[in-house]
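Student: In the numbering used here, the protein residues as written are 13 to 581.
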Ligand code: ADP
């Protein structure tokens with residue numbers, strides 16, 4: 013940080029940003045360089061941080077967001093001004109929507125020119141553009157405020173309900189110099205960034221009373237429960253209460269999917285039949301049919317554990333809100349359960365098991381088929397059997413049918429190992445999440461991708477190869493969005509809107525960057541390729557040829573497609 017011994021030692025905005033991040037144990041930046049932040053990235057690396065450079069900011073942002081989800085520390089994404097910032101903004105909005113802590117740091121152009129709209133290079137009022145999509149947005153204007161500004165951004169990202177924070181760093185700020193001693197003293201180490209929030213005892217009692225009176229109780233675990241890292245307490249609550257549970261997709265593995273109390277294989281039955289539902293870190297949004305309607309059957313009462321009080325009554329009335337951090341809330345409920353609790357009746361658990369067995373054997377029969385060409389089920393069976401042997405592997409999953417089928421077929425055994433399209437149902441998280449997960453965990457990643465979903469982030473294969481990450485990408489290739497058989501009704505020269513180049517060789521893409529490509533057409537070839545790729549620990553891509561007629565429009569979300577007047581006729 014010092015210059016020379018003659019003149020007073022100086023520091024500058026560049027150094028202070030890096031010093032402030034390191035001071036808070038942040039050791040990795042995901043980003044993409046350019047004006048005015050290239051030197052910031054160089055300096056980060058020179059100062060011992062890891063800088064992972066991407067080909068598009070959205071994927072850097074997604075990597076940062078998933079790193080935040082995995083660690084409870086904000087993932088950092090660094091971008092250039094205006095266009096780079098906007099590319100990163102999608103990831104920031106996605107992080108906020110999913111309650112993942114991240115900080116999008118963007119360089120910005122000269123304030124006085126931007127504010128008078130005098131046409132600067134990459135001119136944009138980024139702070140205001142970010143506001144609607146971020147949990148908090150800040151700009152630092154003075155070098156001596158960098159320490160407090162970064163502390164504020166970190167605390168905003170991880171405390172309470174986590175989310176995305178935007179931090180605006182004008183180019184001028186980075187160049188500002190400051191007395192080094194003054195700068196050092198201006199740094200702030202955030203104390204207790206994720207403070208426990210203890211639930212009120214009466215709210216816990218209300219919840220316990222409701223749970224104890226339930227005839228057909230159900231626990232619903234969301235990704236908030238996985239994020240909270242209260243794994244042992246949650247498992248103890250489930251097991252000591254004997255209540256059947258359902259994991260939301262990213263909560264799969266919080267308890268192993270093979271757990272006898274998992275009601276996943278009887279999902280529709282338990283949602284419809286339960287009389288009291290304990291929500292732990294799960295919102296009653298579209299993914300849960302807003303807590304009402306046919307899915308939920310008869311009226312029921314909800315207990316909801318959440319850190320955000322305004323989540324309560326968001327869609328339906330919540331009979332027993334328990335506000336606090338999941339670790340503290342679950343521990344309090346557990347104490348109450350241990351003091352005396354009658355496990356659910358055999359009527360309830362027996363009925364669930366009956367459904368489970370029926371559905372599981374139906375699924376087993378479908379999975380055992382070996383159609384030619386291979387379909388989603390037979391390909392996923394092969395992947396499932398390989399992943400069963402490596403429960404430590406991170407799984408990324410996106411697509412329409414590829415997401416729906418993989419979610420139900422691929423079992424997870426460990427917490428925070430499954431990363432998918434989440435709350436928005438976003439496509440394009442694939443390679444960003446894969447890189448973020450590989451860098452953060454140091455463990456292999458298998459990204460199970462629809463061919464359409466993969467396209468959004470496919471260029472990041474180069475990033476994966478550049479950093480030699482142990483990521484195996486499997487592209488379910490059925491020649492199109494949803495499937496590859498649609499035709500242009502006019503007979504014109506353009507293909508239908510859902511159709512891609514037929515028989516594309518995605519495996520050749522990764523070979524261009526030195527990775528290993530596989531082209532598979534049978535489950536046996538899939539097994540062999542995946543085992544080999546995982547053992548190699550190197551970047552690999554498996555082009556999995558799937559029956560192009562397989563797949564339904566929008567996967568299981570057909571109901572969300574508005575019908576055109578013409579097709580109604
Ligand atoms: P899913 O999509 O899996 O159902 P959601 O993202 O809808 O999960 O819900 C996560 C919920 O968890 C959010 O309402 C969020 O406020 C809450 N949450 C996140 N972290 C914590 C925590 N540490 N303690 C309590 N609640 C949390």
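Backbone N, C-alpha and C fix where the C-beta goes; we use that ideal spot for every residue, glycine too.
Consult DSSP for residue 375 and reduce its assignment to one of helix, strand or coil.
Tutor: In this structure, residue 375 counts as helix in the three-state DSSP scheme.
Student: Rounded to whole angstroms, what's the CA-CA distance from residue 553 to residue 431? Just pull it up for me.
Tutor: The alpha-carbon atoms of residue 553 and residue 431 are separated by roughly 18 Å.
Student: Provide the residue span of the beta strand (DSSP E) that contains residue 89, from first to last.
Tutor: Looking at the DSSP string, the run of the beta strand (DSSP E) that includes residue 89 is 87–91.
Student: Which residues does DSSP pair with residue 148 in a beta bridge?
Tutor: Residue 148 pairs with 177.
Student: Considering only residues of the same chain and omitting the five flanking positions on each side of residue 209, which have a CB-CB separation below 7 Å?
Tutor: Cβ neighbours of residue 209 beyond the five flanking positions: 319, 336, 337, 340.
Student: Check whether the segment 101–112 and the segment 68–80 touch, using three or more Cβ-Cβ pairs below 8 Å as the test.
Tutor: Output reads yes: the segment 68–80 touches the segment 101–112.
Student: Taking 7 Å as the cut-off, is the beta-carbon of residue 475 closer than that to any non-hydrogen atom of the ligand ADP?
Tutor: No; taking the cut-off as 7 Å, the Cβ of residue 475 has no heavy atom of the ligand ADP nearer than that.
Student: Can you grab the Cα-Cα spacing for the pair residue 396 / residue 327, in whole Å?
Tutor: Roughly 35 Å between the two C-alpha positions.
Student: Are at least three pairs of beta-carbons, each pair with one atom in the segment 154–172 and one in the segment 123–137, less than 8 Å apart?
Tutor: Verdict: no, contact absent.
Student: May I ask you to check if the CB of residue 392 is nearer than 7 Å to at least one heavy atom of the ligand ADP?
Tutor: Result no, Cβ not under 7 Å from the ligand ADP.
Student: With H, G and I counted as helix, E and B as strand and the rest as coil, what does DSSP make of residue 333?
Tutor: Strand, per DSSP.
Student: Measuring only the C-alpha atoms, how far is residue 530 from residue 470?
Tutor: Distance between the alpha carbons of residue 530 and residue 470 is about 16 Å.
Student: Short check: CB of residue 406 to CB of residue 342, under 8 Å?
Tutor: No, they are not a contact pair.
Student: Within the present structure, is the beta-carbon of residue 299 separated from the nearest heavy atom of the ligand ADP by less than 7 Å?
Tutor: Yes, Cβ of residue 299 sits closer than 7 Å to a heavy atom of the ligand ADP.
Student: So is residue 91 buried or exposed if we call it buried at 16+ other beta carbons inside 10 Å?
Tutor: The residue is buried, with at least 16 neighbouring Cβ atoms inside 10 Å.
Student: Can you name the start and end residues of the beta strand (DSSP E) that residue 487 belongs to?
Tutor: Run containing residue 487: 483–489, per the beta strand (DSSP E) assignment.
Student: Between residue 71 and the rest of its own chain, which residues show a CB-CB distance below 6 Å, the 5 nearest in sequence each way excluded?
Tutor: Answer for residue 71: 443, 444, 469, 472, listed in chain order.
Student: Buried or exposed: residue 182, going by 16 or more other Cβ atoms within 10 Å of its Cβ?
Tutor: It counts as buried.
Student: From residue 159 to residue 196, what does the alpha carbon distance come to, in whole angstroms?
Tutor: The alpha-carbon atoms of residue 159 and residue 196 are separated by roughly 9 Å.
Student: What do you reckon, are the CB atoms on residue 448 and residue 42 nearer than 8 Å?
Tutor: Yes. Within cutoff.
Student: Would residue 413 and residue 487 be called neighbours here (beta carbons separated by less than 8 Å)?
Tutor: Taking 8 Å as the Cβ cut-off, residue 413 and residue 487 do not qualify as a contacting pair.
Student: Kindly provide the ranges of any alpha helix (DSSP H) runs that are 4 or more residues long and lie completely inside the segment 218–256, ordered along the chain.
Tutor: Entirely contained in the segment 218–256, the alpha helix (DSSP H) runs reaching 4 residues are, in chain order, 235–239, 243–253.
Student: In the structure shown, what three-state DSSP assignment does residue 132 receive?
Tutor: Residue 132 falls in the coil class under three-state DSSP.
Student: Can you tell me whether residue 380 is buried or exposed? The criterion is at least 16 other CB atoms within 10 Å of its CB, across all chains shown.
Tutor: Exposed: under 16 other Cβ atoms inside 10 Å.
Student: Does the structure place the segment 383–399 close enough to the segment 230–241 that three or more beta carbon pairs sit under 8 Å?
Tutor: In short, these stretches do not touch, since the Cβ pair count stays below three.
Student: Do residue 224 and residue 314 have their C-beta atoms within less than 8 Å of each other?
Tutor: Cβ atoms of residue 224 and residue 314: not closer than 8 Å.
Student: Starting from the C-beta of residue 278, find all residues in its chain whose C-beta is less than 6 Å away, skip the five residues before and the five after it, and write them out in chain order.
Tutor: Result list for residue 278: 364, 367, 368, in chain order.
Student: What is the residue span of the beta strand (DSSP E) that residue 521 lies within?
Tutor: Counting along the chain, residue 521 falls outside any beta strand (DSSP E), though it belongs to the alpha helix (DSSP H) covering 518–523.
Student: Below 8 Å between beta carbons: does that hold for residue 289 and residue 346?
Tutor: Not a contact, by the Cβ cut-off of 8 Å.
Student: Just checking residue 371 against the ligand ADP - is the residue's beta carbon closer than 7 Å to any of the ligand's heavy atoms?
Tutor: False, no ligand heavy atom lies under 7 Å from that Cβ.
Student: Out of 481, 135, 122, 293, point me to the one whose CA is closest to residue 4's CA.
Tutor: An answer regarding residue 4 cannot be provided, because it is not within the stretch 13 to 581 covered by the chain.
Student: Residue ranges of each beta strand (DSSP E) run of no fewer than 3 residues wholly in the segment 399–432, ordered along the chain?
Tutor: Those beta strand (DSSP E) runs which fall completely within the segment 399–432 and span 3+ residues are 406–410, 430–432.
Student: Which residue wins for smallest C-alpha separation from residue 200, given the options 36, 298, 479, 526?
Tutor: Closest by alpha carbon: 36.
Student: Check the DSSP bridge columns for residue 556 and list the partner residues they point to.
Tutor: Note: residue 556 sits in a beta bridge opposite 488, 532.
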